[in-house]
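>
2 protein chains.
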Amino acid sequence: MTLAVPKLRSCDDCPIRYNAVCSKCEPSELAQLEDIKYYRSYAAGQPIFFGGDPLEFVGSVVSGVSSLMRTLPDGRVQMVGLLLPGDFMGRPNRDTIDCDVVAETDVMLCCFRRKPFEKVINDTPHVGQRLLEMTLDELDAAREWMLVLGRKTAREKIASLLYMIAVRMASLKPGETAATTFTLPITRETMANYLGLTIETVSRQMSALKKDGLIAFDERRDIRVPDLDALKAETGEEGF
Amino acid sequence: MTLAVPKLRSCDDCPIRYNAVCSKCEPSELAQLEDIKYYRSYAAGQPIFFGGDPLEFVGSVVSGVSSLMRTLPDGRVQMVGLLLPGDFMGRPNRDTIDCDVVAETDVMLCCFRRKPFEKVINDTPHVGQRLLEMTLDELDAAREWMLVLGRKTAREKIASLLYMIAVRMASLKPGETAATTFTLPITRETMANYLGLTIETVSRQMSALKKDGLIAFDERRDIRVPDLDALKAETGEEGF
DNA sequence: CGCGCCTTTGAAGAACTTCAATCTCGGTGG
DNA sequence: CCACCGAGATTGAAGTTCTTCAAAGGCGCG
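Which chain is which? The protein sequence lines are A and B, in order. Be aware that the first sequence starts at 2, since it is given in the numbering used here, and climbs by one per residue. Be aware that the second sequence starts at 2, since it is given in the numbering used here, and climbs by one per residue.
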């Protein structure tokens, strides 16, 4: 199921060299990581981890987008994280993974077997420090998302998701602060599972935002935002 | 507004010595922390931080319960974290705090000015390692909560909150795995703000759970759970 | 061309909120 | 001592939002 492993070899050429968990590493630390790293690729739609499975490796998203999801016994699903290039997957000192992880687009990972990675964390300072920073940022994002899930209307939820994706996709290309056009990396169903809505409500609100001129799209995935501030005003986060 | 500062002095006697951010410290590390620590107390209802304020100190909850909350410009509120004894507040390498923090009960904190605390993290391994562990646990909890907020019914939300509090309160007293009686540290309004509900819905569902014999209470805060498994079955997390 | 997947749209129904009234209890002052 | 007051909590009725159920449209692929 995995795609052909790409030829990337040196960390120097890596697109996430300065965002990922390795970004604070000194040359000697980087060499240790480079020794134990390996790449894996997944096609869009493929599972990367199943919740409850032994956590054999951890790693960084090099390219593509993947999701973390939690599932209730009766099948209800909630997405709990969106991993873009640079984001880290898995956690040290934990034998099993607690979420399903899915490749939303074609994904390439830079992986480390968990035990050797834990050794690097214990023996050197900068990987653990960077991982702490990244984890704190993710915690902030999760809390922001709790506000969206708990207190926003369907329309505000959609606007918040689109706005977040516009900003995060843009931040991957240095120079831009927010993209006015982007391709949604996820389906309507995944959007619904992010927002705690049904697919029908997502569709209706997307149509409503389109009718109101806040977004435009013909192909269902290619979104254009004529006025990013106007979209932001729909998120409920703006003063007035 | 702060209460009289209590007389706790030595870390050896500290009730959270083996849970908190200092729990992995070796004697020399503990001595560094002990040098810079100081205590603060807050009465129930008092604010500890306002979102956006400069983050002058970080610290651990020694006793009591406090909440993290986010607020939308129009006044909608969502609680995004519940801090029990041992939990850590604030984050290193961040100049401002992004949530309001409120004392739900009388609270005592063991505080460190942020800059010296950052120095300890940079100079010694075990505080940062422990903080990473704790942050990862909080991230797991936040994601669990996203599932509650996004996909559970009002009844399941209430059951989930009560169950979580029963388990977490019990885990503070070694030996118990879950308490069958406990005092709710929060008002109905705070419960509503945790669960993304209105106060009326919380009240109705509490009454319904009481009528169904899943919980009992006379005083509004003192909850008894006759059958913890039966309560868990109402959370939606059980197989069937 | 026809099938399947994803999406959109409509209509009916359920869950939760809103608005409003009442209740309980602890504290305060007459 | 007791009546009153206010904050928190409960309960009822009406209203809104979102979901559920149902049908149909669009697009890619064999």
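Glycine residues also receive a C-beta, built at the ideal position from the N, C-alpha and C atoms.
Just list the beta strand (DSSP E) runs in the segment 13 to 87 of chain A, keeping only unbroken ones of 3 residues or longer that don't cross its boundaries, in chain order.
Counting whole runs of 3 or more residues, the segment 13 to 87 of chain A contains the beta strand (DSSP E) stretches 38 to 43, 48 to 50, 58 to 64, 67 to 72 and 78 to 84.
> Using the three-state DSSP reduction, which class does Arg225 of chain B fall into: helix, strand or coil?
As a working mapping, residue 225 of chain B is identified with position 224 in the second sequence. In this structure, Arg225 of chain B counts as strand in the three-state DSSP scheme.
> Helix, strand or coil: which one does DSSP assign to Leu215 of chain B?
Counting from 1 along the second sequence, the entry for residue 215 of chain B is found at position 214. Residue state, collapsed to three classes: coil.
> According to DSSP, is Thr154 of chain A part of a helix, a strand, or is it coil?
As a working mapping, residue 154 of chain A is identified with position 153 in the first sequence. In the structure shown, Thr154 of chain A sits in coil (DSSP, three-state: anything other than H, G, I, E or B).
> Taking the CB atoms as reference points, tell me whether Ala160 of chain A and Ala171 of chain A lie closer together than 7 Å.
For the purposes of this step, residue 160 of chain A is taken as residue 159 along the first sequence, with counting starting at 1. For the purposes of this step, residue 171 of chain A is taken as residue 170 along the first sequence, with counting starting at 1. No; because the gap between Cβ atoms is not below 7 Å, this pair is not in contact.
> Which residues in chain A sit within 9 Å of Glu201 of chain B, going by Cβ to Cβ distance?
Walking along the second sequence from the start, residue 201 of chain B turns up at place 200. Neighbours of Glu201 of chain B on chain A: none; closest Cβ ~16 Å, over 9 Å.
> Strictly below 7 Å CB to CB, what residues from chain A border Met147 of chain B?
By one-based count along the second sequence, residue 147 of chain B stands at place 146. Simply Gln79, Val81, Ala143, Trp146, Met147 and Leu150.
> Per DSSP, Ala104 of chain B is paired with what?
What you label residue 104 of chain B is simply residue 103 of the second sequence in a count that begins at 1. Answer is B:Ser67.
> So the beta strand (DSSP E) Thr184 of chain A belongs to, where does it begin and stop?
Position 183 of the first sequence, counted from the start, is the residue given in the question as residue 184 of chain A. Run containing Thr184 of chain A: Thr182 to Thr184, per the beta strand (DSSP E) assignment.
> To the nearest angstrom, report how far apart Gly214 of chain A and Pro227 of chain A are at their CA atoms.
Residue mapping note: residue 214 of chain A aligns to position 213 of the first sequence, counting from 1. Residue mapping note: residue 227 of chain A aligns to position 226 of the first sequence, counting from 1. Computed Cα separation, rounded: 8 Å.
> Helix, strand or coil: which one does DSSP assign to Leu110 of chain A?
For the purposes of this step, residue 110 of chain A is identified with residue 109 of the first sequence, where counting begins at 1. Note: Leu110 of chain A maps to strand in three-state DSSP.
> According to the neighbour-count rule (16 or more other Cβ atoms, all chains shown, within 10 Å of its Cβ), is Glu235 of chain B buried or exposed?
Residue 235 of chain B sits at position 234 when you count from the first residue of the second sequence. The residue in question, Glu235 of chain B, is buried, as its Cβ has 16 or more Cβ neighbours within 10 Å.
> Cutting at 8 Å between CB atoms, please list the residues of its own chain near Arg115 of chain A, excluding the five before and the five after it.
Counting from 1 along the first sequence, the entry for residue 115 of chain A is found at position 114. Taken in chain order, the residues that qualify are Leu56, Glu57, Phe58, Val59, Gly91 and Pro93.
> Reducing DSSP to helix, strand and coil, say where Thr97 of chain B ends up.
Translated into positions along the second sequence, residue 97 of chain B becomes position 96. In this structure, Thr97 of chain B counts as strand in the three-state DSSP scheme.
> What residues in the segment 91 to 112 of chain B bring their beta carbon closer than 9 Å to a beta carbon of chain A?
Here the close residues are Arg92, Pro93, Asn94, Arg95, Asp99 and Cys100.
> In the DSSP output, which residue or residues are listed as bridge partners for Phe89 of chain A?
Numbered from its first residue, the first sequence carries residue 89 of chain A at position 88. Answer by DSSP bridge pairing, in chain order: A:Ser61.
> Report the residue from B:Ser24, B:Tyr164 and B:Asp14 whose alpha carbon sits nearest the alpha carbon of Phe89 of chain B.
Within the second sequence, numbered from 1, the residue matching residue 89 of chain B stands at position 88. With distances taken between Cα atoms, Phe89 of chain B lies closest to B:Ser24.
> Once you ignore the five residues that flank Gln130 of chain B on each side, which residues in its own chain have a CB closer than 8 Å to its CB?
Taking the first residue of the second sequence as position 1, residue 130 of chain B is located at position 129. Closer than 8 Å at Cβ, skipping near neighbours: Lys25.
> Name the two residues that bound the continuous alpha helix (DSSP H) containing Thr125 of chain A.
Stepping through the first sequence from its first residue, residue 125 of chain A is reached at position 124. Where Thr125 of chain A is concerned, there is no enclosing alpha helix (DSSP H), given that its DSSP letter is neither H nor E.
> Using a Cβ cut-off of 9 Å, pull out every chain B residue sitting near Thr191 of chain A, in sequence order please.
Sequence index remark: in the first sequence, residue 191 of chain A carries index 190 (1-based). Chain B residues near Thr191 of chain A: none, gap ~13 Å exceeds 9 Å.
> Report buried or exposed for Pro86 of chain A, applying the criterion of at least 16 other Cβ atoms within 10 angstroms of its Cβ.
As a working mapping, residue 86 of chain A is identified with position 85 in the first sequence. The residue in question, Pro86 of chain A, is buried, as its Cβ has 16 or more Cβ neighbours within 10 Å.
> Evaluate Thr97 of chain A with the Cβ neighbour count: other Cβ atoms within 10 Å of its Cβ, from every protein chain shown; 16 or more gives buried, anything less gives exposed.
Numbered from 1 along the first sequence, position 96 holds the residue referred to as residue 97 of chain A. By the 10 Å Cβ count, Thr97 of chain A comes out exposed.
> Quick one: residues in its chain with C-beta nearer than 8 Å to the C-beta of Pro48 of chain B, no 5 flanking neighbours on either side, listed in chain order?
Against the second sequence, residue 48 of chain B aligns to sequence position 47. Only Asp101, Val102, Val103 and Ala104 meet the Cβ criterion.
> When the cut-off is 7 Å and only beta carbons count, does Leu140 of chain A lie next to chain B?
For the purposes of this step, residue 140 of chain A is taken as residue 139 along the first sequence, with counting starting at 1. At least one chain B Cβ lies under 7 Å of Leu140 of chain A.
> Please confirm whether Thr3 of chain A has its beta-carbon closer than 7 Å to some beta-carbon of chain B.
Position 2 of the first sequence, counted from the first residue, corresponds to residue 3 of chain A. For Thr3 of chain A, the predicted model reports a pLDDT of 47, less than 50, meaning its position is unreliable and no value from the coordinates is stated.
> Which of the three DSSP states, helix, strand or coil, is assigned to Phe159 of chain B?
Here residue 159 of chain B is taken as the residue at index 158 of the second sequence, counted from 1. For the sequence presented, residue 159 of chain B should be read as Ile rather than Phe. Here Ile159 of chain B sits in helix by DSSP.
> So which of B:Glu190, B:Val121 and B:Phe51 has the shortest CA-CA distance to Glu27 of chain B?
Stepping through the second sequence from its first residue, residue 27 of chain B is reached at position 26. Per the Cα distances, B:Val121.
> Residues of the segment 43 to 77 of chain B with a CB closer than 8 Å to any CB of chain A: list them in chain order, please.
So the close ones are Leu69, Arg71, Leu73, Pro74, Asp75 and Arg77.
> Is there a Cβ from chain B that is less than 7 Å from the Cβ of Gly197 of chain A?
Sequence index remark: in the first sequence, residue 197 of chain A carries index 196 (1-based). Taking Cβ atoms only, chain B reaches closer than 7 Å to Gly197 of chain A, which makes this a yes.
> How about Gln79 of chain A and Gly151 of chain B: do their beta carbons lie closer than 7 Å?
Residue mapping note: residue 79 of chain A aligns to position 78 of the first sequence, counting from 1. Residue mapping note: residue 151 of chain B aligns to position 150 of the second sequence, counting from 1. It is a contact, given that the beta carbons lie within the stated cut-off.
> Tell me whether Leu198 of chain B sits in a helix, a strand or coil according to DSSP, three-state version.
Your numbering for residue 198 of chain B matches position 197 in the second sequence. In the structure shown, Leu198 of chain B sits in coil (DSSP, three-state: anything other than H, G, I, E or B).
> Using the beta-carbon count (16 or more within 10 Å), is Met2 of chain B buried or exposed?
Residue mapping note: residue 2 of chain B aligns to position 1 of the second sequence, counting from 1. Interpretation of Met2 of chain B is limited by its pLDDT of 45, a score under 50 that renders its predicted location unreliable; the figure taken from the coordinates is listed afterwards. Met2 of chain B is exposed by the Cβ-count criterion.
> Using 7 Å as the threshold, is the C-beta distance between Leu185 of chain B and Arg222 of chain B below it?
Here residue 185 of chain B is taken as the residue at index 184 of the second sequence, counted from 1. Here residue 222 of chain B is taken as the residue at index 221 of the second sequence, counted from 1. Cβ distance < 7 Å, so Leu185 of chain B and Arg222 of chain B count as in contact.
> Report yes if the CB atom of Cys111 of chain A is closer than 7 Å to the CB atom of Ser61 of chain A, and no otherwise.
Here residue 111 of chain A refers to the residue found at position 110 when the first sequence is read from its first residue. Here residue 61 of chain A refers to the residue found at position 60 when the first sequence is read from its first residue. It is a contact, given that the beta carbons lie within the stated cut-off.
> Is DSSP giving Lys120 of chain B helix, strand or coil here?
Against the second sequence, residue 120 of chain B aligns to sequence position 119. Helix.
> Quick check on the burial criterion: 16 or more other C-beta atoms within 10 angstroms. Buried or exposed for Leu39 of chain B?
Counted from its first residue, the second sequence places residue 39 of chain B at position 38. The residue asked about is misnamed: residue 39 of chain B is Tyr in this sequence, not Leu. It is exposed - the Cβ of Tyr39 of chain B has fewer than 16 other Cβ atoms within 10 Å.
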